[in-house]
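Numbering (the numbering used here), first residue to last: 9 to 336. Note that the Cβ used here is the ideal one computed from N, Cα and C, for glycine as well. Keep in mind it's a predicted model, so treat the numbers as computed, not measured. These notes are about the structure you will find just below.
Next up, the structure:
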């Protein structure tokens, strides 16, 4: 299998744990990812969620960067409507100065929280989302100097930050194609438009100074363990979190529950089955087969794996087993 692997982590806060614990655990996970050969380690911006500690993404990335030395670090992603491009240019320009040649900036259009965050940010997020394409172009100019703007971001201007477009719909695919950016699709939780979005992106791609041909990353939920039964048990923590989120009751990552799916009503089970289109949970052999099939389906250049477990050691081991499985 020629596809490369990366990691997406949400900096989960486990039941009984703290924000400090979550950041330390994510930092340790990044070290494991680096040691076993993952390409990138990304975290995602979420706000006002009791179970996620990655709201200040650039700050967490700084901790991860200092704890590692070679793996690329970045955002999967920064929700640009929450911010202004100048501040993000400064933040990621600073990261590039600290960790030169290792920084990715993945950009998303969703707010990363419910409507209350708009009030907290003093922003009209619906209006900001409409301006997203212009803000992406402005941010790229602030970082690259092309075109030259009247006001330079320092740090930021001239930095070597690799910009990515994120998406779960056709909108992001079209914008990534127009701007000649690499494209990452959030198929691990929103698989509906995966095939259409990738086809649109590849068909309409326009080369840019940063990228001469389409480059696709697709996301999967991946949890590997010694056998299928153990992996399914570990995955029940994530399944509980997802069901709670979709039913308006989010919280910290809970302990696993044996036979959890059997306790659910049919709509919740159907929801989990639906997002399972981009899922590899099981023994190394099972995981390898699922990742291989997904790579064949998408033709992805990279696959980014997500999937927290309540047991920290099990999550670390899952990354190692997954890499071993893919490498054969």
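Residue i CB to nearest heavy atom of the ligand MN below 7 Å
{"i": "residue 264", "result": "This structure simply doesn't include the ligand MN, nor any ligand for that matter."}
Option in the options with minimal Cα separation from residue i
{"i": "residue 7", "options": "300, 266, 260", "result": "In the structure as shown, the chain starts at 9 and stops at 336, and residue 7 therefore has no counterpart that could be examined."}
{"i": "residue 125", "options": "285, 57, 66, 312", "result": "57"}
{"i": "residue 204", "options": "180, 101, 66, 55", "result": "180"}
{"i": "residue 308", "options": "39, 206, 54", "result": "206"}
{"i": "residue 186", "options": "290, 218, 201", "result": "218"}
{"i": "residue 222", "options": "183, 248, 197", "result": "183"}
{"i": "residue 226", "options": "325, 84, 111", "result": "84"}
{"i": "residue 330", "options": "31, 23, 22, 44", "result": "44"}
{"i": "residue 224", "options": "147, 303, 275, 109", "result": "303"}
{"i": "residue 269", "options": "258, 250, 285, 286", "result": "250"}
{"i": "residue 212", "options": "193, 188, 228, 258", "result": "188"}
{"i": "residue 107", "options": "168, 151, 312", "result": "168"}
{"i": "residue 276", "options": "285, 255, 292, 289", "result": "255"}
Residue i - partner residues in DSSP beta bridges
{"i": "residue 87", "result": "116"}
{"i": "residue 106", "result": "Partner(s): none; residue 106 has no beta bridge."}
{"i": "residue 323", "result": "Residue 323 is not bridged to any residue."}
{"i": "residue 290", "result": "232"}
{"i": "residue 49", "result": "15, 81"}
{"i": "residue 111", "result": "81"}
{"i": "residue 312", "result": "14, 227"}
{"i": "residue 22", "result": "261"}
Cβ-Cβ separation, residue j to residue i (assumed contact under 8 Å), whole Å
{"i": "residue 65", "j": "residue 18", "result": "Contact doesn't hold; Cβ gap of about 11 Å is too wide."}
{"i": "residue 299", "j": "residue 334", "result": "6 Å"}
{"i": "residue 13", "j": "residue 42", "result": "About 12 Å separates the two Cβ atoms, so there is no contact after all."}
{"i": "residue 317", "j": "residue 242", "result": "5 Å"}
{"i": "residue 173", "j": "residue 191", "result": "5 Å"}
{"i": "residue 33", "j": "residue 320", "result": "5 Å"}
{"i": "residue 86", "j": "residue 133", "result": "Going by Cβ atoms, the distance from residue 86 to residue 133 rounds to 14 Å, so no, they are not a contact pair."}
{"i": "residue 164", "j": "residue 98", "result": "5 Å"}
Exposure label - residue i; buried when at least 16 CB within 10 Å
{"i": "residue 78", "result": "exposed"}
{"i": "residue 162", "result": "exposed"}
{"i": "residue 142", "result": "exposed"}
{"i": "residue 281", "result": "exposed"}
{"i": "residue 54", "result": "buried"}
{"i": "residue 196", "result": "buried"}
{"i": "residue 336", "result": "exposed"}
{"i": "residue 247", "result": "buried"}
{"i": "residue 74", "result": "exposed"}
{"i": "residue 200", "result": "exposed"}
{"i": "residue 315", "result": "buried"}
{"i": "residue 159", "result": "exposed"}
{"i": "residue 130", "result": "exposed"}
- Task: Could I get the ranges of all uninterrupted beta strand (DSSP E) runs contained in the stretch 141 to 199, with 3 residues as the minimum, in chain order?
- Result: Runs found: 170 to 175, 191 to 193.
- Those runs of the beta strand (DSSP E) which lie wholly inside the stretch 56 to 85 and span at least 3 residues: Unbroken beta strand (DSSP E) runs of no fewer than 3 residues, entirely contained in the stretch 56 to 85, are not found.
- Every unbroken beta strand (DSSP E) inside the stretch 207 to 277 [3 residues or more]: 224 to 232
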